[in-house]
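Below is one structure, written out as structure tokens; the observations come after it.
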Ligand SMILES: Nc1ncnc2c1ncn2[C@@H]1O[C@H](COP(=O)(O)OP(=O)(O)O)[C@@H](O)[C@H]1O
Ligand SMILES: O=C(CO)[C@@H](O)[C@H](O)COP(=O)(O)O
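Residue numbers (the UniProt record's numbering): 1 to 454.
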């Protein structure tokens with residue numbers, strides 16, 4: 001049996017799957033937790049990956065490996081390949097002012113045309129500007145910049161040569177200095193943002209490999225590949241981030257900055273909307289109520305929200321671009337002051353943010369024939385049942401699984417054999433509900449009424 005491995009190094013954890021390259025059957029798997037926080041030393045990811053690989057029985061008998069991971073994080077290396085400072089992750093908002101400056105300096109249209117996206121605090125380029133401004137001594141030591149998945153691939157390959165860093169189209173498209181449309185770096189943007197040029201990883205083609213390593217992918221592109229998403233499939237992923245995206249044959253360039261015009265992992269495009277507040281809104285609400293996720297779901301399904309709205313900007317927000325916002329609760333009455341109403345409002349609030357994202361993608365021309373729901377919080381029964389009412393469409397929920405790691409495994413098999421795998425995806429459950437536009441309308445009325453962070 002020929003084995004391939006796929007990795008998802010996501011915000012909260014790392015997952016490893018080992019699959020049969022011919023059939024896609026899961027042979028072994030492993031996982032390990034990542035440290036909390038929006039600033040993490042990459043060595044913590046490597047330690048977690050090593051432990052997850054061990055749990056998955058090692059990689060000695062595996063012929064090809066691909067690593068997918070959280071997008072955008074800034075990993076800076078010095079000339080000898082050492083990490084300069086802990087990585088700033090996609091959900092670290094300290095570079096919000098740098099993002100505002102970069103957009104003001106060149107204009108949103110220039111960014112959208114050059115890179116497919118208008119940078120917000122998540123994007124690597126804004127973190128580089130922040131570093132140049134706030135930590136000039138660290139900035140001076142930077143010889144190369146790469147992304148979490150690039151660094152893990154490089155590290156696992158055993159290389160110490162900066163010239164051997166590789167990445168893929170999907171993750172390169174989240175840097176703010178690579179064009180999906182032109183399939184090329186825009187290094188003048190990197191120089192503009194950081195003040196000078198540095199080494200960047202070589203961008204591999206979707207099925208290219210270096211030794212036994214595939215190109216890897218940003219986690220959302222990895223999930224699209226893992227689900228074998230086709231044009232018309234829109235994926236809603238509710239993990240640490242909330243994302244809505246679809247595979248498209250047309251490159252997006254949304255000047256409003258709502259839709260990010262990323263590349264996918266198959267040579268096409270992946271227009272995407274990302275929110276900063278997703279599964280952790282339910283984690284926080286369950287903790288506040290002192291209940292499990294299962295009990296939270298039961299509470300949420302036991303009532304309607306009756307006008308209670310939770311605007312879930314607990315970590316600030318990325319879409320809409322409100323990095324300094326806080327969450328807020330609106331519509332409290334004696335009647336809505338119950339655990340059940342709060343649970344329902346939390347689920348509806350996070351889903352309304354994603355429904356706004358779905359609308360934005362449709363407005364950009366993305367076709368929606370099917371909505372697929374994945375990510376840790378897709379396990380939640382209330383999310384599954386309320387999503388179709390909020391989205392106004394049926395929602396298909398594939399079996400709980402590690403679709404990002406599966407996408408990486410598919411890529412590894414593709415790179416190994418030269419054939420894109422046709423592994424079958426087992427059955428999805430379809431959830432339907434009457435559309436509930438009143439919930440969306442009430443949320444829309446509340447969403448801008450939030451306090452800034454202190
Ligand atoms: N049944 C559930 N209901 C709601 N949230 C859940 C449930 N199970 C897991 N989660 C949450 O999902 C998140 C992890 O999802 P995952 O997609 O692995 O995240 P990431 O890829 O961002 O690391 C955690 O915040 C976890 O608490
Ligand atoms: O920033 C984005 C997409 O632009 C996020 O989707 C990150 O890629 C993190 O993903 P998860 O940890 O939530 O899987």
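Yeah, the Cβ is synthetic: ideal placement off N, Cα and C, and Gly gets one too.
Residue 67 in three-state terms, based on DSSP: Three-state DSSP puts residue 67 in a strand.
Residue of 305, 355, 353, 288 minimising C-alpha distance to residue 332: The shortest CA-to-CA distance from residue 332 to any of 305, 355, 353, 288 is the one to 305.
Residues of its chain near residue 11, where Cβ-Cβ distance is below 6 Å and the 5 sequence neighbours each way are ignored: 70, 240.
Outcome for residue 134 when other beta-carbon atoms lying within 10 angstroms are tallied against a minimum of 16: Per the 10 Å Cβ criterion, exposed.
Endpoints, beta strand (DSSP E) assigned at residue 262: 260-263
Member of 414, 40, 98, 3 whose CA lies at the smallest distance from the CA of residue 265: The residue with the shortest Cα to Cα distance from residue 265 is 414.
Residues of its chain near residue 166, where Cβ-Cβ distance is below 7 Å and the 5 sequence neighbours each way are ignored: The residues are 150, 153, 201, 202, 204, 210, 215.
Which of helix, strand or coil DSSP assigns to residue 344: helix
Whole-angstrom C-beta distance between residue 341 and residue 174, which should lie under 8 Å: No, residue 174 and residue 341 are not in contact; Cβ-Cβ is about 37 Å, not under 8 Å.
heavy atom of ligand 2 below 6 Å from residue 122 C-beta: Yes.
Every unbroken beta strand (DSSP E) within the segment 339-423, with a cutoff of 3 residues, ordered by chain: 370-374, 395-397
Residues of its chain near residue 282, where Cβ-Cβ distance is below 8 Å and the 5 sequence neighbours each way are ignored: 293, 296, 346, 347, 350, 377, 380, 383
C-alpha gap between residue 109 and residue 367, whole angstroms: 24 Å
Inter-stretch contact at 8 Å, needing at least 3 Cβ pairs: the segment 55-71 / the segment 426-443: no
For residue 269, the first and last residue of its enclosing beta strand (DSSP E): 269-275
Element boundaries [alpha helix (DSSP H), containing residue 34]: Run containing residue 34: none; DSSP gives neither H nor E here.
At least 3 beta-carbon pairs within less than 8 Å: the segment 109-122 vs the segment 317-328: Counting Cβ pairs under 8 Å, three or more are found: they touch.
Any residue whose CB is nearer than 5 Å to a heavy atom belonging to ligand 1, listed in chain order: That gives 10, 11, 12, 239, 240, 279, 282, 283, 293, 375, 376, 377, 379, 380.
Separation of residue 277 from residue 334, as counted between CA atoms: Cα to Cα, residue 334 sits roughly 27 Å from residue 277.
Pairwise C-alpha distance: residue 416 and residue 18: Their backbone Cα atoms lie some 14 Å apart in a straight line.
For residue 109: DSSP bridge partner residues: None; residue 109 has no bridge partner.
Same chain only: Cβ atoms within 8 Å of residue 39, ignoring 5 sequence neighbours per side: Around residue 39: 86, 87, 88, 89, 92.
Close Cβ partners of residue 451 (< 6 Å) along its chain, the five nearest in sequence each way excluded: Answer for residue 451: 326, listed in chain order.
Residues bridged to residue 167 [DSSP beta-bridge criterion]: 203, per the DSSP bridge assignment.
Neighbour-count burial assignment, residue 402, 16 or more Cβ in a 10 Å radius: buried
Sequence-distant residues of its chain with Cβ nearer than 6 Å to residue 249 (five each side left out): 268
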